[in-house]
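In this note's numbering, the protein residues as written are 246 to 447.
Have a look at the structure below, then the notes.
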């Protein structure tokens with residue numbers, strides 16, 4: 246489990262394309278401290294299992310389904326990525342519950358700079374819109390964000406300078422793809438209420 250509080254901006258140093266998978270090599274000085282084979286690190290919001298660690302570079306295997314369903318497949322060496330290690334039980338939950346299981350990809354629709362922050366609007370796949378609520382939580386490229394407003398095709402958020410400077414969201418431009426993970430609680434609530442309604446109708 247993760248919190249959506251990015252620990253550092255890392256760099257993709259290599260991407261080895263395989264027939265039905267890929268192996269990513271990523272530099273991250275902070276997240277590699279104490280990291281071992283089998284540990285979990287979220288890369289742009291995608292939970293990946295560490296295969297190997299060499300100094301400040303870790304490698305992780307990504308299967309085809311993950312490449313198809315996330316924006317990881319569009320990365321090229323040199324790309325900056327958001328990195329977060331799995332949260333420990335004794336840590337503060339600074340953001341919200343993020344599983345690292347991306348629900349789909351959206352795009353940056355528009356950016357509106359202001360004096361002290363920036364409003365960024367994202368598109369959403371139609372099937373995910375029902376899980377996003379104003380003032381609710383959503384993870385974009387692994388960053389825990391509060392939804393400022395809803396739109397016909399997506400939502401907008403307000404980004405403070407810290408988020409703009411310390412995550413990839415400060416680098417994204419209109420048209421760029423982003424990973425979206427909606428609040429898992431919303432999905433469970435829907436699942437339970439649908440089952441309840443079905444039982445009541447039978």
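We treat Cβ as the ideally placed atom computed from N, Cα and C, and that holds for glycine.
So, under 8 Å CB-CB, residue i and residue j are touching, yes? Tell me the CB distance rounded to an integer number of Å.
i, j, result
"residue 428", "residue 383", "7 Å"
"residue 423", "residue 377", "Not really, about 14 Å apart at Cβ, beyond 8 Å."
"residue 222", "residue 409", "The structure shown has nothing for residue 222, since the chain only spans 246 to 447."
"residue 308", "residue 259", "No, residue 308 and residue 259 are not in contact; Cβ-Cβ is about 18 Å, not under 8 Å."
Considering only the beta carbon of each residue, do residue i and residue j sit closer than 8 Å?
i, j, result
"residue 303", "residue 277", "yes"
"residue 368", "residue 352", "yes"
"residue 366", "residue 401", "yes"
"residue 381", "residue 287", "no"
"residue 248", "residue 347", "no"
"residue 280", "residue 291", "no"
Rounded to the nearest angstrom, what separates residue i and residue j at their Cα positions?
i, j, result
"residue 315", "residue 361", "31 Å"
"residue 300", "residue 311", "26 Å"
"residue 296", "residue 306", "7 Å"
"residue 394", "residue 379", "5 Å"
"residue 254", "residue 349", "22 Å"
"residue 337", "residue 391", "18 Å"
"residue 273", "residue 431", "32 Å"
"residue 436", "residue 271", "36 Å"
"residue 261", "residue 313", "16 Å"
Near residue i, which residues of its chain fall below 6 Å by C-beta distance, leaving aside the five closest residues on each side in sequence?
i, result
"residue 289", "326, 327, 386, 387 and 424"
"residue 284", "295"
"residue 320", "257"
"residue 417", "353"
If I measure Cβ to Cβ from residue i and keep anything under 8 Å in the same chain, skipping five residues before and after, which residues do I get?
i, result
"residue 251", "327, 328, 329, 387, 388, 411 and 412"
Under 7 Å Cβ to Cβ from residue i, same chain only, skipping five residues before and after it: list those, please.
i, result
"residue 420", "352 and 353"
"residue 399", "351, 354, 366, 367, 368 and 369"
"residue 396", "366"
Less than 8 Å between CB atoms is the rule here; does residue i satisfy it with respect to chain B?
i, result
"residue 314", "As a matter of chain content, chain B is missing from the structure shown, which is built from one protein chain."
Does residue i pass the burial test, meaning 16 or more other C-beta atoms within 10 Å, or should it be called exposed?
i, result
"residue 323", "exposed"
"residue 267", "buried"
"residue 263", "exposed"
"residue 426", "buried"
"residue 317", "buried"
"residue 405", "exposed"
"residue 339", "exposed"
"residue 341", "buried"
"residue 343", "buried"
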